[in-house]
Each structure stands twice: as structure tokens, then as C-alpha cells.
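A short write-up of the structure that comes next.
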Amino acid sequence: MTYRSVEGYVDDLAWRLRVGMRGRRRIAAEVTAHLADLVAEEEAAGHTPQAAARRATARFGAPEELAAEFNQDCALHSARVAAWALVACVVAAVGAAGLANRGGAPVVPWPNQAAYYALPVLLGQVAAMCAGTAFLLTVVAPWLLGRTPQTLATAVRAQAVGVLALAPVAVVAAGNIAHAAWDVGAMSALVTVAVPVALVFSVRALMRVDTVAGRGSTLDVIADCCETLALRWSWSARLFGLVTHTWTEAVERMPSLMSWVEMRRHPWRSAVAISVAAGVALKAPDLLKGDVDVPAAAVEAAAAFVGYCLFGRLLGLRGLEGRNEISVGGEAGVEG
Amino acid sequence: MSQDMMRGHLDGLVLAVLATGPSHGYGLIEALRDRSGGVFDLPEGSVYPALHRLERAGLVASGWSEVGGRRRRVYSLTASGRRAAEERRSEWRSFSAAVERVFGGEAGPGAGVAGAEVAR
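Top to bottom, those sequences are chains A and B. Residues 2 to 337, numbered by the working numbering, are exactly what the first sequence covers, in order. Residues 28 to 147, numbered by the working numbering, are exactly what the second sequence covers, in order.
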């Protein structure tokens, strides 16, 4: 596409940009100044003003490619800010719940005892999972891998769910600021303020990331990060090689047993195994004290499995490429 | 040099040019072209996403100023930008020396034997 004027080119570029009003104005001003220099250069070389504008805009590059590059950088930045904000909210919510459990809670919590104590525990875990995934995909992985993973869309969806999960927690926290001890009140006030801010960042990220949304598995990103980290030192590279070799051998020799821990090829079976492990691990302190609480561990395991069923696909832990995995040990196919 | 190959090194090249002094986008792309003997002939706009990315990373600072009668955004390196430019320079030197050894090095005795096996 050729442009007969600098204004036409800048308008087209600005229309394609998803970088916010201020960013768009700044880019448009910079591009206009640069194009003015190019036009002056072309006119000095003997071209007519129209030909100079055409040549200048052609030299500057296709606006769609330029806008795509700006949009991608801006999307990553927005997603990163939203991930930090969500992590801060989760830390504040967990801190407030922890302080309340240690004795700073109001005598008569609003709206009632059950909501005050259960909401942060249940929804806080969902938010923590979402925050962890988003933080991994937008902060840790780009830093370790030196590139933006193809899972940015997964990260911002996880952020949105995490912030929405924290919204009722923030409402309950707001209703109890005045009647709680000062430390619990301060933490509750922080949650009340931080969650709406994180929601704004999350919405901004959602609006910007759709232009670069790509398919990708969080498991692939985790594997790439582990490999990159392992190859940084010779000892870790040797350890990584040993673990990989042992895993492959185990899959070949005991395919049915290993299917319970292979998340890529057998997501549902591995989800059951991980949920049971989570149930046992979360009740480990009680077990060490000799207080064996089997129903509580079973409830934790069931909650972890339900969480996987509800949020596994959203967090990129199942589906997508998993279906096309190469068979190992002669056992082909993948669970849905 | 292909544009894709060039793009992979653009951030480092921008830092290297800015290490010689502050510049605006137009001056920067001219310097890239001149210093590369015309080999780096990218679309001129491609330098701006790199500049904005580097500014967000805190390696570059910018501000509007009047240059040659026109209002332009001038970019300069920050202290961490100077350190990053130096790091990239030394990384590139060791990398390019290794590539040169592979591409331009004489074939060793092992390579000769392998070559003979293939020929046979």
C-alpha cells in the first residue's frame, strides 16, 4: 500500500496501535517528525512533494508490521504489570486471612463467620493458582527464555479469573476494616484498595493482548524454563540429563504406573494423583503431630481435583497440543 | 544480511549507537546505515519499537527537544544502558569469534577422515 501523504500514513498507523492514548500520541508525534526528515531528504534529492511522501512512507515500513511490534511489546508490558498487581493482591489477602486467624478478627464479622473465614481460603487458592501461572508466563518465562512465550493470552485470562475470584474477598475485607484489630484492618484496607486496581490492570491487559493471542501450553513453557535453567550450570545440566533419562526409562518399563504422573499424555490420571498428593501434603503438619484427619485430607484432594477440572484448560495445563503428543513405549493416544 | 537476522540484534545495535552519544530516531538509523557501510538497511520505522522497548527496560531515557528547528524525541543511554551495551559488545565479540572459527577455520584431521568416509 502506498501513501500520498505523511498524515495518511500516521493516521493508518495510529488506528492500528493498541498502546493507550498517551502512547499513541507519542508514537504518532515521533513518526511524524521522522517522516518530515525523510520527506525533506527526498525533496532535496529532486522528487516532487507527493513522490517524496510516497518514498518516505515506503522507506519507513508497513504500518501493520510496525503497529504489530509496538502492540506485542505493549501487551507483554501490560500483562506483566497486571501479574505483579495480582500477586500483590494475593499476598495481601493471604496476609489478612492469616492475621485474622491469629486473633485479630472482628468479634462479629460481616456478613457472617462462615463467609469471613471461608471466602479467603477457597477463593484465595484459586487466585493464587491464577497469579502463579500469570507470573510464570509474563515475568519468569520471558526473563529466563529471552522471548515472549506464545501463552500471553492464557496469562491474561488467568489474571482476569484471579482478580474476579478476589473481588468477593475484597468486599468482605472492606466490610470488616473498622471492627478488626489495627493490623488486620490495615491488611483488609490494602486488599480493598489493591483488588480494584488489579482489576483495572487486568482489563487493560485483556484489551491489549487479543492482538497477539496465540495457542500454547503452560506445560511447554514450564518445560522450556526448566531446560534453560538446567543448562546454565554444568552440574544442573548433568542432573537434568539424568532425570530426563530416568523418566524416559521409567515410562518405557512401567507405562501404566507412569501414566499416573504424566500430565501431557494422561492429564486426568495425573490430576487424580496430584490431587491426592496435594491432600496429603496440605495435611502433613497434622499428620506429623499424630492427628490423622482423613476426611479433611480427602476434602483437600477433592477441592484440588475440582480446581483442575474447572481451571486446567484456562491455565493451559491440559488440552491444546497435548492431544498430538508422540507416543512413548508403544502406547499412543491421550486422554481428553 | 537478512532482515530477520538483523532484527535479532537490533536492540544491541541501538545500544551500541547510543553509546557514542544521544540521538533521535532519524539520526540513529542513519548512523546504523553509515557505520555498517550500508549493510543494515532496515525499514526506518523498525527502530522505534526497539527504542521504546529499551526505554521500558530502563536502558534508555528520552525527552523532547528542538533539533534543527524541529521538535524531536532524543534518546540517550542510562547508566544501566551503558553497562548493557558493554555486556552485549563483549558477548557479541566472543560469539562472532566462535562463529568465525567454525565458518572460516581450517578443517582438522578428524574432519578430513569424516570427509573421506563420506566420499567413500
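Note that beta-carbon positions come from the ideal geometry of N, C-alpha and C, so glycine has one too.
With DSSP as the reference, label residue i as helix, strand or coil.
{"i": "S260(A)", "result": "coil"}
{"i": "T212(A)", "result": "The predicted position of T212(A) is uncertain, since its pLDDT is 44 and thus under 50; a value taken from the coordinates is nonetheless stated next. Helix."}
{"i": "S235(A)", "result": "helix"}
{"i": "S218(A)", "result": "coil"}
{"i": "V108(A)", "result": "coil"}
{"i": "L191(A)", "result": "helix"}
{"i": "V295(A)", "result": "helix"}
{"i": "D38(B)", "result": "helix"}
{"i": "T134(A)", "result": "helix"}
{"i": "P49(B)", "result": "coil"}
{"i": "V307(A)", "result": "helix"}
{"i": "P121(A)", "result": "helix"}
{"i": "V201(A)", "result": "helix"}
{"i": "G362(A)", "result": "Residue 362(A) is absent from the model: chain A starts at 2 and stops at 337."}
{"i": "R147(B)", "result": "Confidence at R147(B) is low in this model, with a pLDDT of 45, below 50, so its placement is unreliable and the value that follows should be read with caution. Here R147(B) sits in coil by DSSP."}
{"i": "L81(B)", "result": "helix"}
{"i": "T152(A)", "result": "coil"}
{"i": "D68(B)", "result": "coil"}
{"i": "R17(A)", "result": "helix"}
{"i": "R128(B)", "result": "helix"}
{"i": "H267(A)", "result": "coil"}
I believe residue i touches residue j by the beta-carbon criterion, under 8 Å. Please report the beta-carbon distance rounded to the nearest angstrom.
{"i": "A15(A)", "j": "R23(A)", "result": "Between R23(A) and A15(A) the Cβ distance is about 12 Å, and since that is not below 8 Å, they are no contact."}
{"i": "T134(A)", "j": "A156(A)", "result": "7 Å"}
{"i": "V192(A)", "j": "A174(A)", "result": "4 Å"}
{"i": "R265(A)", "j": "L220(A)", "result": "6 Å"}
{"i": "A297(A)", "j": "A195(A)", "result": "Contact flag wrong, Cβ pair sits at about 31 Å."}
{"i": "P121(A)", "j": "V91(A)", "result": "That pair is no contact at about 10 Å."}
{"i": "L87(A)", "j": "A132(A)", "result": "4 Å"}
{"i": "G24(B)", "j": "S107(B)", "result": "Within the shown structure, residues of chain B are numbered from 28 to 147, placing residue 24(B) beyond reach of any answer."}
{"i": "H79(B)", "j": "F71(A)", "result": "7 Å"}
{"i": "L55(B)", "j": "V87(B)", "result": "Wrong, their Cβ atoms sit about 11 Å apart, outside the cutoff."}
{"i": "Q160(A)", "j": "A76(A)", "result": "Not quite, the Cβ-Cβ distance comes to about 12 Å (not below 8 Å), so this is no contact."}
{"i": "A43(B)", "j": "R116(B)", "result": "7 Å"}
{"i": "D13(A)", "j": "P50(A)", "result": "Actually they do not touch by this definition, with Cβ atoms about 19 Å apart."}
{"i": "R254(A)", "j": "W261(A)", "result": "In fact, because the Cβ distance is near 15 Å, the residues do not count as touching under 8 Å."}
So the alpha helix (DSSP H) residue i belongs to, where does it begin and stop?
{"i": "S6(A)", "result": "No alpha helix (DSSP H) holds S6(A); DSSP gives it neither H nor E."}
{"i": "A181(A)", "result": "Segment: none, A181(A) is in no alpha helix (DSSP H) and carries neither H nor E."}
{"i": "H78(A)", "result": "P64 to L100"}
{"i": "P286(A)", "result": "A285 to L289"}
{"i": "T58(A)", "result": "P50 to F61"}
{"i": "E57(B)", "result": "G52 to R62"}
{"i": "P143(A)", "result": "A142 to L146"}
{"i": "M255(A)", "result": "Element bounds for M255(A): n/a, residue is neither H nor E."}
{"i": "R319(A)", "result": "Neither: R319(A) is in no alpha helix (DSSP H) and is coded neither H nor E."}
{"i": "G24(A)", "result": "M22 to A45"}
Take residue i and list the residues in its own chain whose beta-carbon comes closer than 8 Å to its own, dropping the five residues that flank it on each side.
{"i": "G47(A)", "result": "none"}
{"i": "A37(A)", "result": "V7"}
{"i": "H51(B)", "result": "V94, R99, R100, V101 and Y102"}
{"i": "N113(A)", "result": "none"}
{"i": "V140(A)", "result": "R81, A84 and W85"}
{"i": "A93(A)", "result": "M188, L191, V192 and A195"}
{"i": "L230(A)", "result": "L145 and S237"}
What does residue i pair with, by DSSP beta-bridge criteria?
{"i": "V87(B)", "result": "L104(B)"}
{"i": "E14(B)", "result": "Since the first and last residues shown for chain B are 28 and 147, residue 14(B) lies out of range."}
Looking only at its chain, what residues have a beta carbon closer than 6 Å to the beta carbon of residue i, apart from the 5 residues adjacent to it on each side?
{"i": "V32(A)", "result": "V11"}
{"i": "A29(A)", "result": "V11 and A15"}
{"i": "Y309(A)", "result": "A272"}
{"i": "P70(B)", "result": "none"}
{"i": "A98(A)", "result": "P121"}
Within the same chain, show all residues whose beta-carbon is closer than 7 Å to that of residue i, passing over the 5 residues directly before and after it, in chain order.
{"i": "A53(A)", "result": "V40, E43 and E44"}
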